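J.:
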Amino acid sequence: MGVTIVEQSAERVVATMPVEGNRQSFGLLHGGASVAFAEALGSWAAVIHAGPGRSAVGLDINATHHLAARSGIVTGVATAIRLGRTIACHEIVISDDQGRRLCTARITNLIIDAPDRA
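For the sequence shown, position 3 matches number 708 in this note's numbering, and the numbering has no gaps at all.
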């Protein structure tokens, strides 16, 4: 997907993704790529919030697509809505390189003990 992390904390993750390589058959940024991008950012922020020995798993994600992009770089900003002991919720806004909002998503992650990697 070509995602590059620009900034990262539990409260805010910022990343970029190229439209090239993430298009659907009509040449537009694929809606599924936008949702996968949003999920990656929100889940990454939740994992940071979870801390050492813990992890995060998705419970719910939803997205609204506002505008389409055909080229360039999109930027995703995941902002914490709620950082609790067992739940982390983030809103993710994806914008084009002109600052226009393309997609708004929200993800809820469950904070769990990290699974053994045996």
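Every residue, glycine too, gets a C-beta built ideally from N, C-alpha and C.
Because the structure is a prediction, the values reported are computed rather than measured.
Which value, in whole angstroms, describes the spacing of the CA atoms of Ile786 and Asn814?
T.: Position 81 of the sequence shown, counted from the first residue, corresponds to residue 786. Position 109 of the sequence shown, counted from the first residue, corresponds to residue 814. Their Cα atoms are separated by approximately 12 Å.
J.: Count the CB pairs spanning the segment 738 to 748 and the segment 717 to 724 that are closer than 8 Å, and state whether there are at least three.
T.: Yes: the two stretches touch, three or more of their Cβ pairs being nearer than 8 Å.
J.: Examine the Cβ distances between the segment 743 to 755 and the segment 799 to 819 and report whether three or more of them are shorter than 8 Å.
T.: The segment 743 to 755 is in contact with the segment 799 to 819.
J.: Who does Thr784 pair with in a DSSP beta bridge?
T.: Taking the first residue of the sequence shown as 1, we reach residue 784 at position 79. DSSP output for Thr784 lists Arg717, Glu796 as bridge partner(s).
J.: Quick check: the segment 789 to 799 against the segment 743 to 763, are at least 3 beta-carbon pairs closer than 8 Å?
T.: Segments in contact, yes.
J.: Which residues in the same chain as Ala773 place their Cβ atom closer than 8 Å to its Cβ, once the five residues preceding and following it in sequence are excluded?
T.: Taking the first residue of the sequence shown as 1, we reach residue 773 at position 68. Cβ within range, chain order: Leu733, Leu734, Leu807.
J.: Which one of Gly707, Ala768, Asp801, Val752 has the shortest CA to CA distance from Arg775?
T.: Looking up residue 775 in the sequence shown gives position 70. Among Gly707, Ala768, Asp801, Val752, the Cα nearest to that of Arg775 belongs to Asp801.
J.: Does chain C have any CB closer than 8 Å to the CB of Gly777?
T.: The structure shown contains no chain C, having only a single protein chain.
J.: Hey, which unbroken runs of the beta strand (DSSP E) at 3 residues or more fall wholly within the segment 728 to 780?
T.: You should have 759 to 770.
J.: Roughly how many angstroms lie between the CA atoms of Phe731 and Val708, to the nearest whole one?
T.: Residue numbering aside, residue 731 sits at position 26 when the sequence shown is read from its first letter. Residue numbering aside, residue 708 sits at position 3 when the sequence shown is read from its first letter. Answer to the nearest angstrom: the Cα atoms are 22 Å apart.
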